[in-house]
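J.:
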Amino acid sequence: MQYAQIILPLNLKGTFTYKVPDELFSVIQPGMRVLVQFRGKKIYTGIVFELHNQEPIEFIPKDVISILDEQPILPPEQISFWKWLSEYYLCNLGEIYRFAFPSSLKLESETYLKLKPNTVIEFENLDVNEMYLIQALEVKQLINLTDIEAFIPKKDIIKTINSLIDLQYIEIDEKISEKYKAKEVAYVKINDEVLRNQNLTEILLKLNKAKKQKDLFLHILEKQTENPDLPIKKSQLFEDGYFVSAHFKSLADKNLVEEYYLRKDRIESYEGEIEELEELTETQEVAKAEINEAFSEGKNVLLHGVTSSGKTHIYLEKIEDCISEGKNVLFLLPEISLTKQITQRLEKKYGRQLAFYHQKLTDFEKVEVWRRIKNNDIRILIATRSSLFLPFQNLGLIVVDEEHDSGYRPREVSPYFNAKDAALVLAKFYDAKVISGSATPSVESYYSARKGKMKYVFLGERFGSVKLPEFELINFKEAQDSKKVSGNFSLRLIDEIKKTLEDKNQTIILHNKRGYASVLECESCGYVNYCSNCDVVMTYHKSANEMKCHYCGQRASKPKVCPKCFSENLNERGVGVEQIHEEVSKIFPDSEVDRMDVDSMRKKFAYEKLYEKIEERETDIIVGTQMISKGLDFDHIELVAIPKADSMLYVQDFRAEERAYQLITQVSGRAGRVSGEGKVLIQTYNPDHSVFQLIKMNNISKIYKYFLTERQKFNYPPFTKLIMIELKHRRDEKVNRASQFLGSVLRKYLPEDCVLGPERSQISRLNNLYQFQILLKLPRGKKYQEYKSLVLLSLKEFDEITAYQSVKKDVFVDF
DNA sequence: AGCACGCCGACT
DNA sequence: GTCGGCGTGCTC
Numbered sequence: 001m002q003y004a005q006i007i008l009p010l011n012l013k014g015t016f017t018y019k020v021p022d023e024l025f026s027v028i029q030p031g032m033r034v035l036v037q038f039r040g041k042k043i044y045t046g047i048v049f050e051l052h053n054q055e056p057i058e059f060i061p062k063d064v065i066s067i068l069d070e071q072p073i074l075p076p077e078q079i080s081f082w083k084w085l086s087e088y089y090l091c092n093l094g095e096i097y098r099f100a101f102p103s104s105l106k107l108e109s110e111t112y113l114k115l116k117p118n119t120v121i122e123f124e125n126l127d128v129n130e131m132y133l134i135q136a137l138e139v140k141q142l143i144n145l146t147d148i149e150a151f152i153p154k155k156d157i158i159k160t161i162n163s164l165i166d167l168q169y170i171e172i173d174e175k176i177s178e179k180y181k182a183k184e185v186a187y188v189k190i191n192d193e194v195l196r197n198q199n200l201t202e203i204l205l206k207l208n209k210a211k212k213q214k215d216l217f218l219h220i221l222e223k224q225t226e227n228p229d230l231p232i233k234k235s236q237l238f239e240d241g242y243f244v245s246a247h248f249k250s251l252a253d254k255n256l257v258e259e260y261y262l263r264k265d266r267i268e269s270y271e272g273e274i275e276e277l278e279e280l281t282e283t284q285e286v287a288k289a290e291i292n293e294a295f296s297e298g299k300n301v302l303l304h305g306v307t308s309s310g311k312t313h314i315y316l317e318k319i320e321d322c323i324s325e326g327k328n329v330l331f332l333l334p335e336i337s338l339t340k341q342i343t344q345r346l347e348k349k350y351g352r353q354l355a356f357y358h359q360k361l362t363d364f365e366k367v368e369v370w371r372r373i374k375n376n377d378i379r380i381l382i383a384t385r386s387s388l389f390l391p392f393q394n395l396g397l398i399v400v401d402e403e404h405d406s407g408y409r410p411r412e413v414s415p416y417f418n419a420k421d422a423a424l425v426l427a428k429f430y431d432a433k434v435i436s437g438s439a440t441p442s443v444e445s446y447y448s449a450r451k452g453k454m455k456y457v458f459l460g461e462r463f464g465s466v467k468l469p470e471f472e473l474i475n476f477k478e479a480q481d482s483k484k485v486s487g488n489f490s491l492r493l494i495d496e497i498k499k500t501l502e503d504k505n506q507t508i509i510l511h512n513k514r515g516y517a518s519v520l521e522c523e524s525c526g527y528v529n530y531c532s533n534c535d536v537v538m539t540y541h542k543s544a545n546e547m548k549c550h551y552c553g554q555r556a557s558k559p560k561v562c563p564k565c566f567s568e569n570l571n572e573r574g575v576g577v578e579q580i581h582e583e584v585s586k587i588f589p590d591s592e593v594d595r596m597d598v599d600s601m602r603k604k605f606a607y608e609k610l611y612e613k614i615e616e617r618e619t620d621i622i623v624g625t626q627m628i629s630k631g632l633d634f635d636h637i638e639l640v641a642i643p644k645a646d647s648m649l650y651v652q653d654f655r656a657e658e659r660a661y662q663l664i665t666q667v668s669g670r671a672g673r674v675s676g677e678g679k680v681l682i683q684t685y686n687p688d689h690s691v692f693q694l695i696k697m698n699n700i701s702k703i704y705k706y707f708l709t710e711r712q713k714f715n716y717p718p719f720t721k722l723i724m725i726e727l728k729h730r731r732d733e734k735v736n737r738a739s740q741f742l743g744s745v746l747r748k749y750l751p752e753d754c755v756l757g758p759e760r761s762q763i764s765r766l767n768n769l770y771q772f773q774i775l776l777k778l779p780r781g782k783k784y785q786e787y788k789s790l791v792l793l794s795l796k797e798f799d800e801i802t803a804y805q806s807v808k809k810d811v812f813v814d815f
């Protein structure tokens with residue numbers, strides 16, 4: 001094989017042909033990384049996609065400089081998967097490569113390196129090249145590969161860098177975004193000072209007046225001396241209810257104890273003992289048997305289990321089955337913060353054979369996981385969507401937890417693929433099985449399971465036969481007419497919250513809108529505050545006292561007077577979660593009311609602190625956005641209230657009702673998890689709306705039947721396939737013309753009723769880019785392939801118009 | 001993607 | 001007369 005098709009880490013179509021020099025002939029294999037030159041002197045790490053003997057005629061290929069791997073870094077299953085992904089989602093292989101690989105595995109000319117802070121370097125163990133590079137970095141803090149070419153031979157560069165990265169002397173400079181929040185857990189210890197200097201008897205004497213504080217102090221002291229290396233979890237202190245956090249706080253105020261935080265999601269071994277799994281309940285046993293049956297028939301499974309039905313328990317059983325057969329497991333989550341119970345159990349059992357993978361790891365940590373997966377050192381990987389590209393060996397099972405979650409398909413990061421669907425395909429290449437699980441499966445998955453493409457396994461009962469919460473609809477219009485309201489709350493709702501407070505239980509209030517008011521409007525001239533980058537009004541955030549654009553993140557100070565007519569009367573329109581929080585605090589002045597949304601959780605440890613507060617039952621009422629539907633599994637939440645439920649339904653999106661159903665169901669799952677006495681109050685102007693009525697009846701098959709009928713009526717998925725094409729450009733005129741042109745080309749090839757638009761996107765300008773979109777509704781089945789190739793043809797025709805090349809084009813398959 | 005090339009207006 | 005904006009073309 002004389003020629004290689006190479007994938008480059010650039011967003012370019014297809015692969016590039018390079019000549020394999022004689023000396024590399026016998027070594028080169030698909031899936032290996034190679035060093036190549038591209039465009040003049042630039043060096044890139046590419047991946048061998050295919051080898052062949054066909055000499056290119058239109059250009060003279062360059063040589064492969066060198067091979068970086070002894071064994072292919074990508075197994076053949078992954079190469080097939082990449083190929084499928086790029087064809088199905090109409091994205092470039094280079095895009096996938098960039099997304100899939102950690103930076104230090106794809107070094108290129110523009111990669112910048114720096115010394116790792118606080119490292120002691122042992123020079124005597126370094127070779128000449130390594131020494132040069134370290135010295136260069138001591139002089140100049142940041143160096144890129146092009147700079148390095150000046151003093152290290154091209155062929156040795158990557159080797160030198162890799163060896164220094166391995167030694168942890170240097171690292172890749174990646175301006176890691178500030179968003180990163182490590183999941184940390186609070187631990188406690190006796191103040192170091194106290195242990196060193198002070199007289200214990202004296203301290204205890206002083207504490208004699210506060211018995212509980214003294215007990216707590218002794219408790220911590222005892223634990224700490226018993227096993228100095230085992231950190232003491234703060235939450236553990238309050239488990240049996242004898243101590244409360246106020247006791248701890250008093251001790252901390254006296255400087256006797258202190259709390260500290262440790263990162264939770266680090267790859268670390270666990271030394272505790274392994275608990276045996278509890279027996280499955282009868283219902284769970286049945287579900288497990290059904291899964292086994294499905295697997296033996298070669299079918300994948302959709303596990304539809306109501307909230308608290310113990311899906312996790314079943315996953316665990318199947319994970320252990322898979323591992324005991326000698327195969328490995330990938331456990332997918334929509335976001336890594338949701339590790340919760342599953343991790344604890346698995347960490348105990350598998351220790352170092354368990355690892356985590358997600359985009360918030362440092363580059364070094366990512367490479368570490370890559371290496372261990374490659375060496376088949378990991379039995380189970382808990383990870384987000386980017387893990388699908390890891391070089392798995394012997395993969396036997398993929399679990400997709402919370403399969404309905406939109407986190408599997410973020411719209412902002414390319415390549416645009418749906419991880420839950422891609423997981424099914426990846427599993428096929430590995431001959432592995434998939435369990436997708438959710439309490440509220442997506443309509444598409446439900447349909448596909450009901451059609452027999454997957455096995456549908458239903459768990460309709462909560463663990464331990466605990467009853468599901470009871471739903472009640474409150475007619476807000478009626479309440480208003482009879483003057484039984486206070487602000488956004490009906491007296492009925494206030495009454496129920498009061499009752500819950502009296503029983504010393506907790507309430508969750510869902511209001512899925514950030515900020516205080518969605519608009520500030522001038523009373524006299526109607527002026528509203530638009531974002532300067534986007535065609536969107538800015539939201540008023542009272543707690544931060546500023547205006548925010550929720551789309552581009554821009555902030556502005558709150559206007560005191562109308563900038564246009566100088567009127568001082570600015571009306572707040574549209575209720576946000578901050579306002580609901582304020583209202584609730586006023587109605588219940590003696591209760592602890594906390595807010596949970598992205599804005600209030602931005603501060604370091606904010607989430608951890610609130611979590612513990614709720615766990616210790618210091619918080620009485622939690623007001624929050626959709627964030628509260630995830631991960632809040634507490635025993636004493638008995639009431640879930642949704643004061644303005646209508647706002648969820650009136651969103652311009654054919655999935656709005658499905659989303660509302662999922663959100664309401666997920667949040668209500670927090671209520672009465674132990675008592676079985678949970679209550680959900682939905683306040684609405686439209687109590688007769690089908691979605692609310694169906695939720696109240698809690699008849700799952702009817703709900704899905706309703707969704708499916710609606711989808712069929714309006715030709716939406718799963719009855720059709722959607723492709724959305726979005727065009728963006730700084731100049732409105734240009735993108736308008738471009739999208740008209742693309743629309744006409746598409747209509748040339750496709751039937752009229754398949755092409756909708758072009759029309760302005762819902763947000764016509766975002767980040768200073770004007771946006772237009774075209775929606776394609778294509779038939780399913782065999783015809784789809786045919787139609788899709790026509791779409792591809794149209795896109796190609798569009799790409800040939802040079803004038804439109806500067807128009808950014810995003811294609812979302814299965815929109 | 002990202003970089004060089006080339007064509008126009010705003011400055012010393 | 002030059003600096004730098006961005007539209008265009010091209011990469012094995």
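In full-length UniProt numbering, the protein residues as written are 1 to 815. For glycine and all other residues, C-beta sits at the position ideal for the given N, C-alpha and C.
1) Less than 8 Å between the CB atoms is what I'm expecting for residue 312 and residue 291, so what's the real figure, rounded?
2) At what residues does the alpha helix (DSSP H) containing residue 744 begin and finish?
3) Flag this pair as yes or no: are the beta carbons of residue 643 and residue 488 separated by less than 8 Å?
4) Closest to residue 1 by CA distance: which of 812, 55 and 648 is it?
5) Could you round the C-beta distance between residue 535 and residue 765 to whole angstroms and report it? I think they count as a contact, below 8 Å.
6) When we look at the beta-carbon of residue 723 and count the other beta-carbons within 10 Å, is it buried (16 or more) or exposed?
7) By the 10 Å Cβ neighbour count, where 16 or more other Cβ atoms means buried, how is residue 200 classified, buried or exposed?
8) Does residue 522 come out as helix, strand or coil in the three-state DSSP assignment?
9) What's the call for residue 769, buried or exposed, on a 16-neighbour Cβ count within 10 Å?
10) If you drop the 5 nearest sequence neighbours on each side, which residues of the same chain put their C-beta closer than 7 Å to that of residue 244?
11) With DSSP as the reference, identify every bridge partner of residue 684, one or two as the case may be.
12) Quick check on DSSP: helix, strand or coil for residue 631?
13) Alpha carbon to alpha carbon, how far is residue 558 from residue 521? Give it in angstroms, no decimals.
14) Throw me the rounded Cβ distance for the residue 57 and residue 34 pair, which I believe falls under 8 Å.
15) Kindly identify the DSSP beta-bridge partner or partners of residue 381.
16) Give every residue of the same chain whose Cβ lies closer than 7 Å to the Cβ of residue 702, excluding the five residues on either side of it in the sequence, and list them in chain order.
17) Got a sec? Which residues, its chain only, sit under 7 Å from residue 494 by beta carbon, not counting five neighbours each side?
18) With respect to the alpha helix (DSSP H) encompassing residue 131, which residues constitute its N-terminal and C-terminal limits?
19) What residue does the beta strand (DSSP E) around residue 57 start on, and which one ends it?
20) Taking the alpha-carbon positions, what's the residue 374 to residue 392 distance?
21) Secondary structure at residue 817, three-state DSSP: helix, strand or coil?
22) Relative to the alpha-carbon of residue 377, which residue among 387, 518 and 352 has its alpha-carbon at the smallest distance?
23) Under 8 Å, with one C-beta from each stretch per pair, do the segment 201-216 and the segment 246-255 reach the 3-pair mark?
24) With the cut-off set at 8 Å, would you say residue 817 and residue 622 are in Cβ contact?
25) Return the Cβ separation of residue 403 and residue 452 in integer angstroms, given the expectation that the two are a contact with Cβ distance under 8 Å.
26) Would you check if the distance between the CB atom of residue 497 and the CB atom of residue 639 is smaller than 8 Å?
27) Do the segment 145-156 and the segment 77-86 meet, that is, are 3 or more Cβ pairs less than 8 Å apart?
28) Are the beta-carbon atoms of residue 515 and residue 548 separated by less than 8 Å?
29) Of all the alpha helix (DSSP H) runs that stay within the bounds of the segment 283-333, which reach a length of 4 or more residues?
30) I'd like to know whether the C-beta atoms of residue 116 and residue 186 end up nearer to each other than 8 Å.
31) Going by other Cβ atoms of all chains shown within 10 Å of its Cβ, with 16 needed for buried, is residue 655 buried or exposed?
32) Quick one: give me the first and last residue of the beta strand (DSSP E) that residue 573 is part of.
33) Using only CA atoms, which one of 370, 255, 138 and 13 lies nearest to residue 188?
34) With a cut-off of 8 Å on the beta carbons, I'd call residue 742 and residue 815 a contact; round off their distance for me.
35) Report the rounded CA-to-CA distance for residue 51 versus residue 72, giving the unit in angstroms.
36) If you follow the beta strand (DSSP E) that residue 673 is in, where does it begin and where does it stop?
T.: This is what the structure holds:
1) Position 312 of the first sequence, counted from the start, is the residue given in the question as residue 312. Position 291 of the first sequence, counted from the start, is the residue given in the question as residue 291. That belief does not hold up - the Cβ atoms of residue 312 and residue 291 are roughly 14 Å apart, past 8 Å.
2) The residue given as residue 744 occupies position 744 in the first sequence. 732-749 is the extent of the alpha helix (DSSP H) around residue 744.
3) On the first sequence, residue 643 is found 643 positions in, with the first residue counted as 1. On the first sequence, residue 488 is found 488 positions in, with the first residue counted as 1. Yes, Cβ-Cβ distance for residue 643 and residue 488 is below 8 Å.
4) Stepping through the first sequence from its first residue, residue 1 is reached at position 1. With distances taken between Cα atoms, residue 1 lies closest to 55.
5) Position 535 of the first sequence, counting from 1, holds the residue named residue 535. Position 765 of the first sequence, counting from 1, holds the residue named residue 765. The Cβ separation is near 4 Å, so the contact holds.
6) Here residue 723 is taken as the residue at index 723 of the first sequence, counted from 1. That one is buried.
7) Counting from 1 along the first sequence, the entry for residue 200 is found at position 200. Its Cβ having fewer than 16 others within 10 Å, residue 200 is exposed.
8) Walking along the first sequence from the start, residue 522 turns up at place 522. DSSP places residue 522 in strand when its eight states are reduced to three.
9) Numbered from 1 along the first sequence, position 769 holds the residue referred to as residue 769. With 16 or more Cβ atoms within 10 Å of its Cβ, residue 769 is classed as buried.
10) Indexing the first sequence from 1 puts residue 244 at position 244. Excluding residues within five positions, the ones whose Cβ falls inside 7 Å are 238 and 616.
11) Sequence index remark: in the first sequence, residue 684 carries index 684 (1-based). Paired residues: 475.
12) Within the first sequence, numbered from 1, the residue matching residue 631 stands at position 631. In this structure, residue 631 counts as coil in the three-state DSSP scheme.
13) The residue given as residue 521 occupies position 521 in the first sequence. The residue given as residue 558 occupies position 558 in the first sequence. Each residue's alpha carbon lies about 12 Å from the other.
14) Residue 57 sits at position 57 when you count from the first residue of the first sequence. Residue 34 sits at position 34 when you count from the first residue of the first sequence. Residue 57 to residue 34, Cβ: 23 Å. No contact.
15) Within the first sequence, numbered from 1, the residue matching residue 381 stands at position 381. Partner(s): 330 and 355.
16) Walking along the first sequence from the start, residue 702 turns up at place 702. Same-chain partners within the cutoff: 694.
17) Taking the first residue of the first sequence as position 1, residue 494 is located at position 494. The residues are 486 and 587.
18) Within the first sequence, numbered from 1, the residue matching residue 131 stands at position 131. Its alpha helix (DSSP H) spans residues 128-139.
19) As a first step, residue 57 must be located in the first sequence, where it is residue number 57. Segment: none, residue 57 is in no beta strand (DSSP E) and carries neither H nor E.
20) On the first sequence, residue 374 is found 374 positions in, with the first residue counted as 1. On the first sequence, residue 392 is found 392 positions in, with the first residue counted as 1. Rounded to whole angstroms, residue 374 to residue 392 spans 6 Å at the Cα level.
21) Look at the range of the chain in this structure, 1 to 815, and you will see that residue 817 is not part of it.
22) Working through the first sequence from its first residue, we reach residue 377 at position 377. Closest by alpha carbon: 352.
23) yes
24) Look at the range of the chain in this structure, 1 to 815, and you will see that residue 817 is not part of it.
25) As a working mapping, residue 403 is identified with position 403 in the first sequence. As a working mapping, residue 452 is identified with position 452 in the first sequence. No, residue 403 and residue 452 are not in contact; Cβ-Cβ is about 18 Å, not under 8 Å.
26) Mapped onto the first sequence, residue 497 falls at position 497. Mapped onto the first sequence, residue 639 falls at position 639. In this structure, residue 639 lies closer than 8 Å to residue 497 by Cβ.
27) no
28) For the purposes of this step, residue 515 is identified with residue 515 of the first sequence, where counting begins at 1. For the purposes of this step, residue 548 is identified with residue 548 of the first sequence, where counting begins at 1. Yes, these two residues count as a Cβ contact at 8 Å.
29) 311-324
30) Looking up residue 116 in the first sequence gives position 116. Looking up residue 186 in the first sequence gives position 186. The answer is no: Cβ separation not under 8 Å.
31) By 1-based counting over the first sequence, the position of residue 655 is 655. Classification for residue 655: buried.
32) The count along the first sequence starts at 1 and reaches residue 573 at position 573. Unbroken beta strand (DSSP E) run through residue 573: 570-575.
33) Here residue 188 is taken as the residue at index 188 of the first sequence, counted from 1. Taking only the C-alpha atoms, the option nearest residue 188 is 255.
34) Looking up residue 742 in the first sequence gives position 742. Looking up residue 815 in the first sequence gives position 815. Incorrect: roughly 16 Å between the Cβ atoms, too far for contact.
35) Reading the first sequence from its first residue, position 51 is the one you call residue 51. Reading the first sequence from its first residue, position 72 is the one you call residue 72. The alpha-carbon atoms of residue 51 and residue 72 are separated by roughly 13 Å.
36) Position 673 of the first sequence holds residue 673. Neither: residue 673 is in no beta strand (DSSP E) and is coded neither H nor E.
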